[in-house]
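Engineer: Shown below is the structure under consideration.
Protein chains: 2
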Amino acid sequence: MNKPEDPRLAATRTLALDAALSILQEKGVLAVTYASISAKTGISRSTLYRHWPKLESLRNDAFLRAATSPIFAPKTNGPLRADLAWMMGNLLTALNETPWGQVAPQVVAVAATDQQARTVIDDFMKDRIVSVEVVFTAAKERDELRENVPVRQLVEMAIAVPYFRKLIAGLPLDHEWLDAHVDLICRLATEPPLK
Amino acid sequence: MNKPEDPRLAATRTLALDAALSILQEKGVLAVTYASISAKTGISRSTLYRHWPKLESLRNDAFLRAATSPIFAPKTNGPLRADLAWMMGNLLTALNETPWGQVAPQVVAVAATDQQARTVIDDFMKDRIVSVEVVFTAAKERDELRENVPVRQLVEMAIAVPYFRKLIAGLPLDHEWLDAHVDLICRLATEPPLK
DNA sequence: TGCCTTATAGAACATTTTGTTGCATTACAG
DNA sequence: CTGTAATGCAACAAAATGTTCTATAAGGCA
Chain A
1 MNKPEDPRLA ATRTLALDAA LSILQEKGVL AVTYASISAK TGISRSTLYR HWPKLESLRN
61 DAFLRAATSP IFAPKTNGPL RADLAWMMGN LLTALNETPW GQVAPQVVAV AATDQQARTV
121 IDDFMKDRIV SVEVVFTAAK ERDELRENVP VRQLVEMAIA VPYFRKLIAG LPLDHEWLDA
181 HVDLICRLAT EPPLK
Chain B
1001 MNKPEDPRLA ATRTLALDAA LSILQEKGVL AVTYASISAK TGISRSTLYR HWPKLESLRN
1061 DAFLRAATSP IFAPKTNGPL RADLAWMMGN LLTALNETPW GQVAPQVVAV AATDQQARTV
1121 IDDFMKDRIV SVEVVFTAAK ERDELRENVP VRQLVEMAIA VPYFRKLIAG LPLDHEWLDA
1181 HVDLICRLAT EPPLK
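Just so you know, the protein sequences line up as chains A and B, in that order.
Counting from 1, position 102 in the first sequence corresponds to residue 102 in the working numbering; the numbering is continuous, with no gaps.
To convert, take the position in the second sequence, counting from 1, and add 1000; that gives the working numbering.
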C-alpha cells in the first residue's frame, strides 16, 4: 500500500504551478490557460490535462501555492509597538515582494464566483488575522492595553489599510507610511481610556 | 455640424452594458464575452463588434458604468459622528446593494494588467476619499478635532476596513458593525490629545 | 409622404482556442 | 532487465472568437 509517488508527477506539478503563478502575476488570471502554461514550461498540453482535467482546478492550485507563503511566527514579547511593527513589516514585505501582492486580487476576483477560491482567501485571512490578534492578546496580558479595547476591530484596521492601499487603491506601501500606521493603531490601543 | 446621435446607438450601448454589468456580477469578468452578451440581449455579435472592436473596451465601459454610481454629497453640518455615519452608511449601501460590491473586485483584478481599469479604480477611490476627507476638514473647522489629527490616515481607515471586509475577507457589513466602526474612528479624531 | 443614410440582424467564413484520444518514447521501480 | 506508468506529440473534434457581406428596417429630413 501507499506506493511512493513517481517523482515525475511532482516535478510537472511544481513546474506547471510555478509557471501558472508567474503568469498570474504578470498577465492576470485571464492569461492562465493550458496553452500559456504549456508554452512557458515545455510541458505538453495533454500532460497538463491529465494532471488537471479542469482549468479551474489548476488555477486554484496555483492560488493555493501563492497563498501558502511562510507564516511568520508572531512576536509577543512586547512592547506592543515592537511586536506589531514586526507583524506589519512582514505583511508589507509579503504584499510588496512576494507573488501574493499581485495574485491576491486575482484570487479575490475569482472568489466571487468560485467557492474554492473563496476558501483560499478566507483561510489565508483567518490565519493572518489570528496571528495579529495574538499580538494584541499578549499585550493585554502584560497590561499594556487600556480598558475595553476593541481588539478585533483594531486588528482589522491594522490589516485592512495596507491591503486596501496595495490591492484596491493602488497606493504605495513604504516603511515611512507603515510607521505612522503602526503608531496610530498603538495609540488607539494603549492610551488611557477616554471618558 | 454635431449631428444628433441616432437613438439606436445609445439604445444598444445601454442594453449591452447593462447586460455586461449583470454578467460581471453573476459570473465574473471571465464570463464577459461577445457571445454571452449577445445571448443575453438579442443584440447580434456583429453589432457588438461594431460598437466595441476590442472586448477590453467593452469590459472597461462596463466597469465605468459600475463605477459611476451617484455620488452622495457629503454632509458637513456636524457633528462629525453624524456626518461620518452618513457617509459610511452610503458606502455600506453601495457595497451591499449595488453592483459595485460585486464588480469592484473584478475591476481590481483586471487593473493589475490594464491601465484603463486601473484608472477607473483610481478615479473612483480618489473621489470617495476626498468626499470623506471633506467631512473631517469641516469638523476641523468647527474645532471638533483634537490637535494634529492625521486626517488622511483616518479617512483611509474609515474606508479601508469596509472594503477589506466586503471585498477581500468576505465578512459581512451590517449596521451594527458600522456603528462600532464609526465610533472608533470618531473617538480617535475627537478625543483630547494624549500626551 | 418618400428618399437617403445608417444601424442592425443574420449568415457565412476563417482563425484560434479548447478539449480529447491514440501511440511511440522515455523515465522510474523492482 | 522488465513491467508499469508518465510524458510528448500528432491528429482530431468541438467550441469560441474575430471578420465580412448583404438584406432589412429604423431614423432623419425635405
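All C-beta atoms in this analysis are idealised placements derived from N, C-alpha and C, irrespective of residue type, glycine included.
Predicted model only: the values in this text are computed from it and were never measured.
1) Looking at the C-beta of residue 1064/B, does it have a partner C-beta in chain A at a distance below 8 angstroms?
2) Let's see if you can read the secondary structure: which residues bound the alpha helix (DSSP H) around residue 1069/B?
3) Please confirm whether residue 1087/B has its beta-carbon closer than 8 angstroms to some beta-carbon of chain A.
4) Compute the beta-carbon to beta-carbon distance between residue 78/A and residue 20/A, rounded to the nearest angstrom, for a pair I have assumed lies under 8 angstroms.
5) Can you list the residues of chain B that residue 163/A reaches, using a CB-CB cut of under 7 angstroms?
6) May I ask you to report which of helix, strand or coil DSSP gives residue 1112/B?
7) What does the Cβ neighbour count give for residue 1016/B, buried or exposed, with the cut at 16 atoms within 10 Å?
8) Indicate whether residue 1162/B and residue 1154/B have their beta-carbon atoms separated by less than 8 angstroms.
9) Could you name the residues of the same chain whose beta carbon sits closer than 8 angstroms to that of residue 1135/B, not counting the 5 residues immediately before and after it, in chain order?
10) Starting from the beta carbon of residue 27/A, find every residue of chain B whose beta carbon is closer than 7 angstroms, and list them in chain order.
11) For residue 9/A, which option in 181/A, 22/A, 25/A and 50/A has the closest C-alpha, if you only look at C-alpha atoms?
12) Excluding the 5 residues flanking residue 1191/B on each side, which residues of the same chain have their C-beta closer than 8 angstroms to its C-beta?
13) Determine, using beta-carbon pairs with one atom in the segment 116-128 of chain A and one in the segment 1164-1183 of chain B, whether at least three such pairs fall under 8 angstroms.
14) According to DSSP, is residue 170/A part of a helix, a strand, or is it coil?
15) Quick check on DSSP: helix, strand or coil for residue 1121/B?
16) Might you give, ordered along the chain, the residues of its own chain that have their beta carbon closer than 8 angstroms to the beta carbon of residue 1044/B, omitting 5 neighbours on each side?
17) Please report whether the beta-carbon of residue 109/A lies at a distance below 8 angstroms from any beta-carbon of chain B.
18) What are the boundary residues of the alpha helix (DSSP H) that includes residue 1183/B?
19) Around the Cβ of residue 1148/B, are there at least 16 other Cβ atoms within 10 angstroms (buried) or fewer (exposed)?
20) Taking all protein chains shown into account, do 16 or more other C-beta atoms lie within 10 angstroms of the C-beta of residue 1042/B, making it buried, or fewer, making it exposed?
21) Could you tell me which of 48/A, 104/A, 133/A and 140/A sits nearest to residue 156/A, measuring between CA atoms?
22) Going along the segment 118-140 of chain A in order, which residues come within less than 7 angstroms of chain B, judged by CB to CB distance?
23) Which residue wins for smallest C-alpha separation from residue 116/A, given the options 142/A, 141/A, 55/A and 185/A?
24) Taking 8 angstroms as the threshold (beta carbon to beta carbon), is residue 105/A in contact with chain B?
25) Looking at the structure shown, is residue 1150/B part of a helix, part of a strand, or coil, going by DSSP?
26) Less than 8 angstroms between CB atoms is the rule here; does residue 1150/B satisfy it with respect to chain A?
27) To the nearest angstrom, how far is the alpha carbon of residue 1188/B from that of residue 185/A?
28) Assuming contact is defined by CB atoms lying nearer than 8 angstroms, are residue 1066/B and residue 1103/B in contact in what I supplied?
29) With distances taken between CB atoms, is the gap from residue 112/A to residue 1053/B smaller than 8 angstroms?
30) To the nearest angstrom, how far is it from the Cα of residue 25/A to the Cα of residue 1126/B?
31) Taking residue 109/A and residue 101/A to be in contact with their CB atoms under 8 angstroms, please state how far apart those CB atoms are, rounded to whole angstroms.
Structural biologist: With the given structure in hand:
1) no
2) Per DSSP, residue 1069/B belongs to no alpha helix (DSSP H) and is neither H nor E.
3) no
4) About 42 angstroms separates the two Cβ atoms, so there is no contact after all.
5) 1164 and 1168
6) coil
7) buried
8) no
9) 1074, 1075, 1076, 1080, 1083, 1084 and 1087
10) 1113
11) 50/A
12) 1146
13) yes
14) coil
15) helix
16) 1038
17) yes
18) 1175-1190
19) exposed
20) exposed
21) 133/A
22) 118, 121, 122 and 125
23) 55/A
24) yes
25) coil
26) yes
27) 10 angstroms
28) yes
29) no
30) 25 angstroms
31) Contact flag wrong, Cβ pair sits at about 15 angstroms.
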